[in-house]
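Start counting the sequence shown at 335; every next residue gets the next number (my numbering). For every residue, glycine included, the Cβ atom is placed at its ideal position computed from N, Cα and C.
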Amino acid sequence: MALDLTPEQKAAGKANFDQATGDLARAGKMHSMVTGGDSKDPDRRDVLKAGLAAGAVVPVSAAVYFGYQSWKGNKAVKTALIGCGDEGGVLMGDHNPEYNEIVAVCDIRPTNLERIFKGDTGPRKGLNKVYGENTAKKIAQYDTLDKLLADKQKLGLEAVVIATPLNTHDVIAKACMDAGLHVLCEKLMARDVTRCKDMIRYAKDKGVLLAVGHQRHYSTLYAQSLELIENGILGDIKHIRALWHRNNSWPYSPSAFDKKKFDERYGIPYYVDSWWKEVPREDAEKLTPEVLQSLAFGDPAKYGFKDIAELVRWRCSEKTGGGLMAELGSHQLDASSIILGHVKPLAVQGVGGKFFYGKGRNDRESDDGVFVTFEFPGANHPKGYKKGQDENDVVVVTFTSFNSNEFEGYGEWVMGSQGTMFLEKEADVYLWREKDKSKKGDTGGRETKVTVTGAGGGKPTMESTSTWGGGGASASVGKAAGSSAWDSAVRGYRTEMEHFAYCVRMWQKKGGKVDYTKNDKGEFVHKDIIPRCHGEVAMADAILALTANMAMAKKERIVFEDAWFDVTKSDVPETKHGPTKKA
335 MALDLTPEQK AAGKANFDQA TGDLARAGKM HSMVTGGDSK DPDRRDVLKA GLAAGAVVPV
395 SAAVYFGYQS WKGNKAVKTA LIGCGDEGGV LMGDHNPEYN EIVAVCDIRP TNLERIFKGD
455 TGPRKGLNKV YGENTAKKIA QYDTLDKLLA DKQKLGLEAV VIATPLNTHD VIAKACMDAG
515 LHVLCEKLMA RDVTRCKDMI RYAKDKGVLL AVGHQRHYST LYAQSLELIE NGILGDIKHI
575 RALWHRNNSW PYSPSAFDKK KFDERYGIPY YVDSWWKEVP REDAEKLTPE VLQSLAFGDP
635 AKYGFKDIAE LVRWRCSEKT GGGLMAELGS HQLDASSIIL GHVKPLAVQG VGGKFFYGKG
695 RNDRESDDGV FVTFEFPGAN HPKGYKKGQD ENDVVVVTFT SFNSNEFEGY GEWVMGSQGT
755 MFLEKEADVY LWREKDKSKK GDTGGRETKV TVTGAGGGKP TMESTSTWGG GGASASVGKA
815 AGSSAWDSAV RGYRTEMEHF AYCVRMWQKK GGKVDYTKND KGEFVHKDII PRCHGEVAMA
875 DAILALTANM AMAKKERIVF EDAWFDVTKS DVPETKHGPT KKA
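This is the structure in C-alpha cells:
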C-alpha cells in the first residue's frame, strides 16, 4: 500500500520504471519512447537533430505517439465551450489555442460566465490568462444554447466542448449535432445507457465526430505503462486496486461566507466540499424555478433542475449526476480495462451508501462512500484479449472512494506474479519486482533495483541488480521532483483536445462527413482520424459505472451482458437492474 512506502522505496520504484522502459526502448519494444542513434525511424528525426546521444532514451511527443504530428499548417478549429463550471475551467485552462480557437462560451449561470474568464485556483487559469485580456474580450458570451447555435454562421463555429451537468449531456450534444457541429463531451457520457446509444447513433447519422473526455486515453504516462505491461514485465496480473479518496470532512468557516454574495435560503455548507457549494445570489436571482423549467429542453423531469441549488450541486442528486462511480470511478475503471487489453467486465458487486453526510451536513442523495469489486477476464479467458480457453482466468479489480480520508489519495495498483506497478495521481509511475522464491538468495521487493533482461530477443524479464545501468534509464514523462502537481504532458486533457481538432480538420479535407464504417475485425476503417475515446468506448465506461451503482443499490451481483455494449441493440442494464434509487 502507498501508505507504508518509505521515500527510499518510492525512489527505487520510480527509478525501476525509468530503467525498465529504457531497457525495452533500446530493444525496440516501446513505441512511446525514442532511442538516440536510431535513424531508421522517421518519427525520431527531431529528437536526433536535438543531439540525443546514442543509447539515450526520451519519450516521443504526444503528437507523434497519438498520430497528429502533421498538424502544422492547419488553422485552429473554431470551438465553443458549453458549460463553464469546474470541468469547463479545467479544459479551457489546458487547451491549446493553436488547435482549438475558443470563439464563444455558453452557460446559464452568470457567475460561471464570469469565472471562465477570470479563472480560479489550480489548472483553471481562465481565458483572460490563456489568450490575454484584449483577445479574450472578443470571445462571445451566451446564456442559452439556442442563442449560441443561432449564431453558428456568424461565429464560424465548427465544434463544441460540452461540460454541463451529466443529465444534460445527450440533449445538448444532439442539438449541436443537428447543427452540424463536431462534439467533445465530458464524461460520464450520459445519465443512462439508452442515452449513450442514442448519442452514438445520432453522431453516425449526422456524420459528425463524437469524442468523450476520458483523458487517460491520451496520457503519455499511461501509454508508457501500458507498453511495459504488454511486454509481460509484471507477469500474470490477477488484481488491480484502484482508489480515489478525498477528505471533505473539515468544517466550513463562517468567516469565509459572504452574505452579500451567496443566498442563505439554499443552505450554508457545513463542510468544505467541492460538490456542495454555496449558491451565488446572482445565479439565484436570475434562475428561478420557473426559469429553470423553461430552460429544460421541453422535458423538466429528465433535463431540468428543481431549483438553483440542485443545479449548483448537481453531482449530489441522483437525477442529475451519477455519484462517485460516474465522477471518479469511471476514470479508473476505464484505465483498468485498458491495462487488461481493452476488455469488458464479467460481473460487479459492491457496497455503497451515504455513510458520512446527513441532514444539516451537506446532505445529498448520492453515495459518499463506495467499495465495488469487478471481475474482468484475464488474458487466457474466452473473453480475454488472447481469447483463450480458461474460464477461471479472472482478474479482480476493486475500486474504493470515500469522502472522509485522503491519506492515500488516488491511483491504481497493478499486481502481477512478477512485479507490481503503482500509477499515482496521474503524475508518477513506480515499479517493483517480486522475489523469485525458486532462486536461493534472490532479492526482490520494494528496495530492489532492477533491469530488464531478454528485451532484445526472448521474453523480457525483470532482474535484480546492484546498480542501474545498461545505457542509462529513460527519461519518462512523470513529473520531476518539486514540479507542479499538474502537468499537461501527462494529464491528457490538452492532448485529447488537440487530437479532436486534428480529426475535425482531416474529415473536412476528406469531404466533411464522418464515416464510421468498420472492417471485418470490428475496427473503424478510418480509425486514425477517429478520437481514441469515441462513443462506443465511452459507452462501455458508462456501463461499468452505472451498473456498479445498480449493483450497490440492489445489493446484488450483476453479470454484464454482451448486448449492453452493442450499439445496434436496445438492451441496457437499466431494464433488468435499474434505475438506482431515485434516478
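Our contact map puts residue i next to residue j with C-beta atoms below 8 Å; I'd like the distance itself, whole angstroms only.
i             : j             : result
glutamate 768 : glycine 745   : Not a contact, Cβ separation roughly 20 Å.
lysine 688    : arginine 698  : 7 Å
proline 614   : threonine 445 : 4 Å
alanine 946   : threonine 732 : Outside the displayed range of the chain (335 to 917) lies residue 946, so it cannot be described from this structure.
tyrosine 579  : valine 730    : One detail in the question is off: residue 579 reads as histidine in this sequence, not tyrosine. About 19 Å; that fails the 8 Å criterion.
alanine 885   : arginine 891  : 7 Å
Helix, strand or coil for residue i, going by three-state DSSP, please let me know.
i                 : result
threonine 413     : strand
threonine 732     : strand
tryptophan 898    : helix
serine 817        : Note that serine 817 scores 47 on pLDDT, short of 50, meaning its location in the model is unreliable and no value can be drawn from it.
phenylalanine 834 : helix
phenylalanine 400 : coil
alanine 576       : strand
cysteine 530      : helix
valine 381        : Residue placement at valine 381 is flagged as unreliable, the pLDDT there being 49, under the threshold of 50; the coordinate-derived value follows with that caveat. Three-state DSSP puts valine 381 in a helix.
leucine 522       : coil
cysteine 867      : coil
tryptophan 766    : strand
tryptophan 1005   : No answer is possible for residue 1005: it lies beyond the span of the chain, which begins at 335 and ends at 917.
threonine 795     : strand
glutamate 758     : strand
tryptophan 841    : helix
leucine 479       : helix
tyrosine 604      : coil
glutamine 666     : helix
glycine 422       : helix
glutamate 612     : coil
alanine 493       : strand
Applying the 10 Å Cβ sphere with the 16-neighbour rule, what's the burial state of residue i?
i                 : result
glutamate 781     : exposed
isoleucine 496    : buried
lysine 348        : buried
valine 625        : exposed
glutamine 723     : exposed
tryptophan 609    : buried
glycine 845       : exposed
lysine 531        : buried
valine 906        : buried
tryptophan 898    : buried
tryptophan 584    : exposed
asparagine 853    : exposed
valine 893        : exposed
phenylalanine 741 : exposed
aspartate 597     : buried
proline 679       : buried
alanine 643       : buried
lysine 774        : exposed
aspartate 352     : buried
asparagine 739    : exposed
aspartate 338     : exposed
glycine 547       : buried
Looking at chain D, is there any beta carbon in it that lies within less than 9 Å of the beta carbon of residue i?
i             : result
histidine 516 : Checking the listed chains, one finds no chain D in this structure; it contains a single protein chain.
Compare the Cα-Cα distances from residue i to each of the options and report the closest residue.
i             : options                           : result
lysine 847    : His860, Asn853, Ala438 and Asp854 : His860
aspartate 849 : Phe596, Lys538, Gly656 and Ala635 : Lys538
proline 393   : Arg529, Ala557, Ser628 and His548 : Ala557
proline 603   : Glu520, Gly692, Asp526 and Gly686 : Gly692
glutamine 331 : Arg839, Trp766, Pro865 and Arg825 : Nothing can be reported for residue 331: it is not among the residues displayed for the chain, which extend from 335 to 917.
leucine 880   : Met749, Ser700 and Thr795         : Ser700
alanine 345   : Tyr600, Glu760, Tyr764 and Gln627 : Tyr764
alanine 887   : Lys521, Glu908 and Lys508         : Glu908
glycine 856   : Glu895, Asp420, Thr902 and Tyr399 : Thr902
leucine 447   : Tyr465, Val411, Ile473 and Lys889 : Ile473
valine 706    : Asp727, Thr734, Ala681 and Val728 : Thr734
threonine 413 : Asp633, Leu491 and Asp454         : Leu491
leucine 500   : Ser751, Tyr637, Tyr827 and Thr785 : Tyr637
Would the segment 645–664 and the segment 708–725 be scored as touching if the rule is three or more Cβ pairs under 8 Å? At 8 Å Cβ cutoff, the stretches do not touch.
Pairing CB atoms from the segment 551–563 with CB atoms from the segment 900–916, are three or more of them under 8 Å? Cβ pair count under 8 Å is below three, so no.
Is there contact between the segment 664–682 and the segment 865–876, where contact requires at least three CB pairs shorter than 8 Å? By the C-beta criterion, the segment 664–682 is judged to be in contact with the segment 865–876, since at least 3 inter-stretch pairs fall below 8 Å.
Pair every Cβ in the segment 420–430 with every Cβ in the segment 475–486, then say whether three or more of these pairs are closer than 8 Å. Taking 8 Å as the limit for Cβ pairs, the verdict is that the segment 475–486 does not touch the segment 420–430.
Decide yes or no for the touch test of the segment 446–460 against the segment 479–492: beta carbon pairs closer than 8 Å, at least 3 of them. No contact exists between the segment 446–460 and the segment 479–492.
Taking three-plus beta-carbon pairs below 8 Å as touching, is the segment 405–418 in contact with the segment 353–371? No, because fewer than three Cβ pairs between the segment 405–418 and the segment 353–371 fall closer than 8 Å, the two stretches do not touch.
Touching or not, the segment 496–512 and the segment 833–843, by the rule of three or more beta carbon pairs under 8 Å? No: fewer than three Cβ pairs fall under 8 Å.
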